[in-house]
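A short write-up of the structure that comes next.
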């Protein structure tokens, strides 16, 4: 799932470079592509973004990435010879050993795309690719709120819901690279009816942005709210803060369902930290309501549920720090 | 939870010893204590068991263990000088780093018992202690159905329910040694009402042996079944195989609830193997009904759900193989 939204091509510059080389972190979203140029300490030397609407072909995406990287290098009076490594997060199941994006959602529609090889061929530097939510979890672990925490779960709640699971200081990926695909979790209140492939899972149908909007639409009536029937999840949560009963009902269901899922994961993993990210997950009222339910639920399982400190920058920050790791590994083996 | 039940003190002998030394595996249950003497290949040279009813004091348990070990050594014309190591599984939360049993259920009532130190002091050999369910999972990993499987979950379903979680070939224990305490998991059909400490969790209240018996009692009526109102879980499952409608209803609820929990864990961990153990979990009809529900549930998550191949020997086998590992580590560092 894409954590970020941004506008048309844009370049931001920051500071003067005096380092030994650059790395690039890339955030491939369903509708947007973002790149950050950084030195090997993680200091940012420029950001670039562009729309990917209508662009799905992997080679075209890789060429866009190369364009963005070249632009950022040029802005810093540098060339590709100064680029050490690149890491990219993609919105799909990703085999990090082979560097293949196995499957993405409909927005990109990728199947078995050798993204790492494509990037390495295009840029002639070491590359790393990962699922976007795992990349965001890596960001929180290395530069965010989860630094120094051995075991934690990063919950990306946007249109849908996904989790990045860090165990013993490493991302845990499971047998088929899909660990943390919790959109289909079954908790009290979710429908246990089988779900067709491609449809949202029972859990994200309540907790994800689309599900929240659907719930709102199903109870909306003129006169009961000042919000339109097509309000967004964050607008609905803002409205809940103003004590609108309809919005409170939507918040109550989504936070209760989220609390149950966190409770279950905390039981299974005995993991005491859950970091909320994604546009919906970052809304303060969701975290607050979820914590209240967990407090009432049990003295047994009482994990910390806190917002991501990197916010919308979690994924691209994770990509930058992964690129730094790749650059250091390459330097050691050179 | 205790996986095994056995009678009064008894010694079984097996074969002639010709090895370099022995190890002992111990299964401390709520009502029974079992010991296996083995060589460093895992071949068994004798088994011993005794009742622990009325015996709760840790030092008394350790003396019983020493008595059993001495008896088994004597039976094999050996002495304590021939004993290399010992490993014991206890029915409670266990810190395997410090060797302390943090808490057990009411049957033993232990709090912060330094069991490893007590065993090492008593027997003057290296010892290892672990939670009984984790020990059983270790048994399945090293000598049972899960050999060679990187990631799997061992589900011990007896009176209550617990899980031993093996990730990347190692037991995963969580932040406070309670990973796999899934008796409190919330799935569709379980009560989300808060549970007092000491009471069974919402999940094990349906899937565990006690919960199955309660359900049976709540729907039992004379004339509707040949089984008594106080039938055991396995008797009820046998009765379900004979198509008794009441017993089928109990089986349907427990297998559906178990299937949901497996489904959730398979999503979170992307783990494709679940091994069923414990007296209730080993009943073939429970596995069969659970597999049928998972098949209907989703094409997305389709883990293998199979019975433990070690059955009631899983835990003590795990203890033996853990003792072998400890003996080898000690030999390497000697």
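Protein chains in written order, with the working numbering: chain A, 1 to 334; chain B, 335 to 668.
Glycine included, every Cβ here is placed at the ideal spot set by N, Cα and C.
Since this is a predicted model, take the numbers as computed values, not measurements.
The closest CA to that of residue 87 (chain A), considering only A:220, A:233, A:134 and A:60, is found on A:134.
By the Cβ criterion, the stretch 19-34 of chain A is in contact with the stretch 72-87 of chain A, since at least three pairs of Cβ atoms, one from each stretch, lie closer than 8 Å.
Around the beta-carbon of residue 487 (chain B), 16 or more other beta-carbon atoms lie within 10 Å, marking it buried. In this structure, A:123 is the residue among A:199, A:186, A:182 and A:123 with its C-alpha nearest to the C-alpha of residue 59 (chain A). At a cut-off of 8 Å between beta-carbon atoms, residue 91 (chain A) makes no contact with chain B. Taking 8 Å as the threshold, the shortest C-beta distance from residue 515 (chain B) to chain A falls below it. Remark: three or more beta-carbon pairs, one from each stretch, lie closer than 8 Å, so the stretch 171-190 of chain A and the stretch 254-270 of chain A are flagged as touching. Secondary structure of residue 462 (chain B) (DSSP, three-state): strand.
Annotation for residue 277 (chain A): the continuous beta strand (DSSP E) segment containing it runs 273-277. Here residue 316 (chain A) has 25, 27, 34 and 36 as same chain residues with Cβ atoms under 7 Å from its own Cβ, once five neighbours each way along the sequence are excluded.
Sorting A:82, A:84 and A:47 by C-alpha distance to the C-alpha of residue 68 (chain A) places A:47 at the top.
Contact annotation: in the stretch 516-530 of chain B, residues whose CB is within less than 7 Å of a CB in chain A are 516, 518, 519, 520, 521, 522, 524, 526, 528 and 529. In chain order, 475 place their CB closer than 7 Å to the CB of residue 481 (chain B), counting only its own chain and leaving out the 5 sequence neighbours on each side. For residue 330 (chain A), the three-state secondary structure derived from DSSP is helix. For residue 506 (chain B), a Cβ of chain A is located within less than 8 Å of the residue's own Cβ.
Look at residue 599 (chain B): its C-beta is under 8 Å from a C-beta on chain A.
Taking the C-beta atoms as reference points, residue 611 (chain B) is found nearer than 8 Å to residue 490 (chain B). Ranking B:449, B:599 and B:513 by CA distance to the CA of residue 168 (chain A) puts B:513 first. Interface annotation, residue 501 (chain B): in contact with chain A, CB-CB separation under 8 Å.
DSSP places residue 561 (chain B) outside both helix and strand once states are collapsed to three, so it counts as coil. For residue 356 (chain B), the enclosing beta strand (DSSP E) starts and ends at 356-362. From the listed residues A:208, A:239, A:205 and A:207, the smallest Cα separation to residue 220 (chain A) is found for A:239. Sequence-distant Cβ neighbours of residue 575 (chain B) in its own chain, meaning closer than 7 Å and more than five residues away, are 619. For the pair residue 448 (chain B) and residue 438 (chain B), the CB atoms are not nearer than the 8 Å cut-off.
Contact between residue 660 (chain B) and residue 419 (chain B) holds: their C-beta atoms lie close to 4 Å from each other, under 8 Å. Taking 8 Å as the cut-off, the Cβ atoms of residue 655 (chain B) and residue 472 (chain B) count as close.
Looking at the backbone, the Cα of residue 100 (chain A) and that of residue 379 (chain B) are separated by about 51 Å. Contacts with chain A at 8 Å (Cβ-Cβ) do not include residue 430 (chain B). For a Cβ distance threshold of 7 Å, residue set 151, 270, 271 and 272 of chain A lies close to residue 509 (chain B), ordered along the chain.
Per the DSSP secondary-structure output, residue 90 (chain A) pairs in a beta bridge with A:131.
Residue burial annotation: residue 218 (chain A) is exposed, with fewer than 16 other C-beta atoms found within 10 angstroms of its C-beta. Residue contact with chain A for residue 481 (chain B): absent (no Cβ-Cβ distance below 8 Å to any residue of chain A).
Taking C-beta atoms under 8 Å as the contact rule, residue 177 (chain A) and residue 61 (chain A) fail to qualify, at a distance of about 20 Å. DSSP places residue 209 (chain A) in the helix class (H, G or I) of the three-state scheme. A distance below 7 Å between beta-carbons, with the five flanking residues on each side excluded, links residue 191 (chain A) to the following residues of its chain, in chain order: 202. One Cα belongs to residue 495 (chain B), the other to residue 539 (chain B), and the distance between them is close to 9 Å.
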